[in-house]
């Protein structure tokens, strides 16, 4: 199985939250593919503190990057049109969700309130 990580999951790992890190490690050890979106990488790098560059780069080096294709952009636009007013869906979240939908992967998030989309498979340690 493949999992696309939301930014909040990687933030927890980088902050040393062992529960989330252990959960991800268990998924990986079961042979699952763990991925991220370039949007997530941008969101992480805009918030890192001095001295966190190496740790952050090492984390991303262990994961697979899923590209943003034209179809993903189109789907993200659809999500924005459908959910921006009712759920305040932002472009980054729309692109991450559209990537999960396009690839057919599970979106691993700790805050599914950001994702009102009904065509995505969600995953969380709570579920």
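In my numbering, the protein residues as written are 26 to 152. Idealized CB from N, CA, C, for every residue including glycine.
Inset, instruction - Could you pull the start and end residues of the beta strand (DSSP E) that residue 164 belongs to? - result: Missing from the structure shown is residue 164; the chain here goes from 26 to 152 and no further.
Legend entry - Straight-line Cα distance separating residue 28 from residue 145: C-alpha separation (whole angstroms): 12 Å.
Legend entry - residue 132 burial status per 10 Å Cβ neighbour count (16 or more: buried): Residue burial annotation: residue 132 is buried, with at least 16 other C-beta atoms found within 10 angstroms of its C-beta.
Legend entry - Segment limits, alpha helix (DSSP H) that includes residue 97: 95-112
Inset, instruction - Could you tell me which of 139, 97, 55 sits nearest to residue 110, measuring between CA atoms? - result: 139
Inset, instruction - In the DSSP assignment, find the alpha helix (DSSP H) that holds residue 132 and state where it starts and stops. - result: Per DSSP, residue 132 is not a residue of any alpha helix (DSSP H); the beta strand (DSSP E) it occupies stretches across 131-133.
Legend entry - Closest residue to residue 21 among 90, 70, 35, 114 (Cα-Cα distance): Limits of the chain in this structure are 26 at one end and 152 at the other, which puts residue 21 out of reach.
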